[in-house]
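A quick write-up on the structure given underneath.
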Amino acid sequence: MGGEMWRSAGGERLAQINRWTRITGVFAGERNVLGCKASASCNQIRFFGNRGSGAGFSGEDGSESSGSGGDESGGDGVTPYTSPQMTALTPMLVPEVFPNVPLIAVSRNPVFPRFIKIIEVKNKPLMDLLRRKVRLAQPYAGVFLKKDDANESDVVESLDAIYNTGTFVQIHEMQDLGDKLRMIVMGHRRIRITKQLEVEPDEPASEHSSDTEPGSLLKASRRKAKRKERKEPATMAEAMEEKVNEANLIVEAIPLPSSDILMVEVDNVVHEQFEVSEEVKALTAEIVKTIRDIIALNPLYRESVLQMMQAGQRVVDNPIYLSDMGAALTGAESHELQDVLEETNIPKRLYKALSLLKKEYELSKLQQRLGREVEEKIKLTHRKYLLQEQLKIIKKELGLEKEDKDAIEEKFRERLKERTVPEHIMEVINEELNKLSLLDNHSSEFNVTRNYLDWLTSMPWGTNSEENLELKRAKEVLEEDHYGMDDVKKRILEFIAVSQLRGSTQGKILCFYGPPGVGKTSIARSIARALNREYFRFSVGGMTDVAEIKGHRRTYVGAMPGKIIQCLKKTKTENPLVLIDEVDKIGRGYQGDPSSALLELLDPEQNFNFLDHYLDVPVDLSKVLFICTANVTDTIPEPLRDRMEMINVSGYVAQEKLAIAEKYLVPQLRTQCGLTEDTTNISPDALNLLIRQYCRESGVRNLQKQVEKVFRKVAFRIVSGEETAVQVTPDNLQDYVGKPIFTVDRMYDSTPPGVVMGLAWTAMGGTTLFIETSLRRPRDTGVKDKDGPREGSLEITGQLGDVMKESAKIASTFARVFLMKQQPDNNFFSGSHLHLHVPEGATPKDGPSAGCTIVTALLSLATNTPVRENVAMTGEVSLTGKILPVGGIKEKTIAAKRAGVTCIILPAENKKDFSDLPEFITEGLEVHFVDHYTKMYPIVFPEQCKH
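Numbering (numbering that gives the first Met the number 0), first residue to last: 0 to 946.
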């Protein structure tokens, strides 16, 4: 059709009505109309007979029904009808029997007889078929409801996908939009599918085609029909029969490429005989009453339904049409509407339609109630708003209330009365206040300016907390909360002493580094209490955004200052103690490098003039005491580490852990668990066993968890009535904490040749590290290459880092040279293929402190001599045998003592570090300080030196 509008024959009258239909959505004129636009599920329009004419209602099967029974009842006094009816809107004759129709599958709402529905078809084969039907003046189709409402297709591949009963419709109007057809169809009668038909493709016949081809047969039949029409006029019945026969010529047994069903054979649905009994009358009256109730609740139904019920009483007396109208008015489920369409028993159909109308009535009542509640709420809100505005005006006239802007400005200036605001900052505040007075209250810039002023006026300009400068009190506070940590406590007391002599305080940047669980974070709170400073903590672990430190620009939505400005606002002082936690785990992302932003923050030469992106005014941070915490210092950038004073917080030995547990952990955790000293106690031996076999790490965090676990189980036993008082001893400790985790203090009680105990230092503290060496395969004795005797090889395993691998290679070279000097006759390293392994291969290891240990292990293997019993060593060896200093002496010494070592060998330059250790750590240890391996050799191989 190419986008043209097809109209059924009927002249200007039909065109006029159709134009009016597209505007209003209902048909009017000399006919009674029922518009279903009110229902969300119904876009159908009901048509009835001509007013004033003697004709009654036509039945859905093409015949009239009498009042005493028949297929369709039109009420009393209905005249039987013997031929198809031609209306003003449908001037084309509608045949009583039309067995072969195109199948249009619709979803959600079926088409009821005498109702109009707008249908859009997008399936191309179906569109072609409908165009062909229209060209042949056969604008008829069968509309059937799909069982799956989610299926949007216009066709189906199986008849099982649609309901068997549908509606025979006539296409009133078709608009060809190219990719789809938009049609207005009117239902005429109920039909039922009998079988599927196949359709001939619409292909133009060639000039040389044979007369036996289907297209030629069809054209020949059309030419014959036209000649017959010219010879004699046909009667109406003959014309209808000829149309049906012509339609049958289209149906051929030629399969389509697609499996979609386009044509079906149908039969008319015949209703059961019924009488207008009292039950039918009651159902009819109840349907009419329900429709009137719905009209009263929902005015959208009123116009069309009232017009029908008042002007055409015969409509409401017709049970068949009334049941269809009732079902079409509702927004029921598709299967419920289909149930009404399929019902052939008129009383039952009336009952089902009434049920759907009752549901629609209840829904309308609910909608009306909700609408009324919403309207009342809106009225109340509007009334409240009006009263508030009137109250504002009255208060303003009486001088009881100022403008919002005046109140905001007064609030901001009130904050600054008791503060010493720098002059350049006061200029910014005054400028922003003037800007605020010119802005509209509802503009976005107004809120941005108000928030900015709120932050500016909330800063503690010139406000400082009174510090405690008494050394005695500060020392008492520090001793109350933490055991040991002498270096940290001394540094804080020195800070107080300097402040007391100067008469004023100053800011400092300290960094506590050490293994986890030793109290780095908790000591910062105690320092704040000892100094009487406000405390603020924030963690930079994993931080990747510079804006977290320096804030966002005010132009961004939701912009806010950085953490330091937030700290000053919260603490309300210019000299708080700020703890920057996990500074060694700071990240770096596409939003910048936060560690670089910390450079300005932690630089004493710059932080007196710190510029936050949000405030955009300089802020003095020189009085802030910054304390940072870290587990290791290697990952801290060198420029940042250079700005901080590094203080090592080492791990604890067993004696220190025992003292911490007895003095701090046990009393605190016992109180937290609701126990008393009379009911529960843990013996020192049990604590010592707990530390030795369950909590070997440097910190006391795990020890705290284990002690709390003991008290929880004790509390359960006491509450359950099993015991009244519990004494935890080494004998019953396993009942509370389970099997021991550490049962062996070290891997080798007695080291064989080629195995030496070294000492290592990790973020978790010190530990023993065994170096194992072995001959990988027999030596290549006497085998020579072209350049001379074949050299051996060294295989290294144990997940060692690059630094440790280089140490192993240096140690191997030095061991060869050293052995040649000590034992010239020993040619073990010539052609030897050695394997060096550091146990616990799942743990990565790296660092420059295992050189002398590797040399000793190789010499032990070469001489087949075990090293001295209970000896451990640490230190890096150079290519010439010089022993270089290492770090972590305290942690390594603690680990050696925990493993039962009696003799340790350290680099000579680490003597100063060892002398700082407490006596209870060094007690019972034989310590040797060496600067060259020649001095270490006699200590580890005393028997070799004797010979």
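The beta-carbon is built from N, C-alpha and C at its ideal position, and this holds for glycine as well. Remember, it's a predicted structure, so these values are computed and weren't measured experimentally.
Through-space distance from residue j to residue i, alpha-carbon basis
i      : j      : result
ILE294 : ALA352 : 16 Å
ARG536 : ILE579 : 6 Å
GLU202 : ARG131 : Because GLU202 carries a pLDDT of 44, less than 50, the predicted location of this residue cannot be relied on, and the following value inherits that uncertainty. Answer to the nearest angstrom: the Cα atoms are 11 Å apart.
HIS612 : ASP912 : 45 Å
HIS931 : GLY880 : 6 Å
THR901 : MET935 : 16 Å
LYS391 : TRP460 : 35 Å
ILE253 : MET262 : Confidence at ILE253 is low in this model, with a pLDDT of 40, below 50, so the placement of that residue is unreliable and no value is reported for it.
PRO847 : SER829 : 27 Å
LYS562 : GLY550 : 8 Å
LYS194 : ALA136 : 24 Å
GLN309 : ARG301 : Here the model assigns GLN309 a pLDDT of 49, short of 50, so the residue's position is not dependable, and the following value carries that caveat. Approximately 11 Å between the Cα atoms of the pair.
PRO937 : LYS656 : 36 Å
ALA814 : MET645 : 37 Å
GLU119 : LYS358 : 29 Å
GLY764 : ILE681 : 27 Å
PRO666 : GLY586 : 39 Å
ARG691 : MET819 : 44 Å
VAL275 : ILE345 : 10 Å
ASP439 : PHE445 : 7 Å
PHE741 : LYS712 : 22 Å
Cβ-Cβ separation, residue j to residue i (assumed contact under 8 Å), whole Å
i      : j      : result
ASP148 : SER333 : 6 Å
MET484 : GLY518 : 6 Å
LEU620 : ASN606 : 4 Å
PHE111 : ASP323 : 4 Å
ASP641 : GLY588 : In fact, because the Cβ distance is near 24 Å, the residues do not count as touching under 8 Å.
Nearest candidate by alpha-carbon position, reference residue i, set the options
i      : options                        : result
ILE161 : ASP912, GLU341, VAL96, VAL816  : GLU341
ALA685 : LYS656, THR728, GLN667, PRO459 : THR728
LYS808 : GLU417, LEU818, GLY850, PRO823 : GLY850
ARG319 : VAL427, VAL754, HIS187         : First, the amino acid is wrong: residue 319 is Ile here, not Arg. Ranking VAL427, VAL754, HIS187 by Cα distance to ILE319 puts HIS187 first.
SER538 : ASP159, PRO593, ARG528         : PRO593
THR933 : LYS410, ASP439, PRO906, GLY797 : PRO906
LEU365 : TYR350, LEU296, GLU417         : LEU296
Where the alpha helix (DSSP H) through residue i begins and ends
i      : result
GLN389 : 345-397
TYR735 : 733-736
PRO101 : Element bounds for PRO101: not the alpha helix (DSSP H) but the beta strand (DSSP E), 99-105.
VAL96  : Segment: none, VAL96 is in no alpha helix (DSSP H) and carries neither H nor E.
THR289 : 277-296
ASP323 : 318-328
Helix, strand or coil at residue i [DSSP, three-state]
i      : result
VAL926 : strand
GLN654 : helix
PRO941 : helix
HIS481 : coil
THR933 : helix
GLY757 : strand
GLY561 : coil
SER719 : coil
VAL142 : strand
ASP175 : strand
GLU533 : coil
GLN169 : strand
MET185 : strand
PRO951 : Nothing in the structure corresponds to residue 951, since the chain is present only between 0 and 946.
GLU228 : Only weak support exists for where GLU228 lies, its pLDDT of 49 falling under 50; the coordinates are left without a value.
CYS672 : coil
ASP580 : strand
ILE118 : strand
ASP633 : coil
ASN701 : helix
LEU509 : strand
Enclosing beta strand (DSSP E) for residue i [first to last residue]
i      : result
GLU156 : GLU156 -> no beta strand (DSSP E), and no H or E assigned at all.
GLU637 : No beta strand (DSSP E) holds GLU637; the alpha helix (DSSP H) holding it covers 637-641.
ALA629 : 624-629
PHE769 : 764-776
VAL802 : Taken as a continuous stretch (DSSP letters only), VAL802 belongs to no beta strand (DSSP E), being part of the alpha helix (DSSP H) at 801-821.
heavy atom of the ligand GTP below 8 Å from residue i C-beta
i      : result
ARG897 : The ligand GTP is not part of the structure shown, which contains no ligands of any sort.
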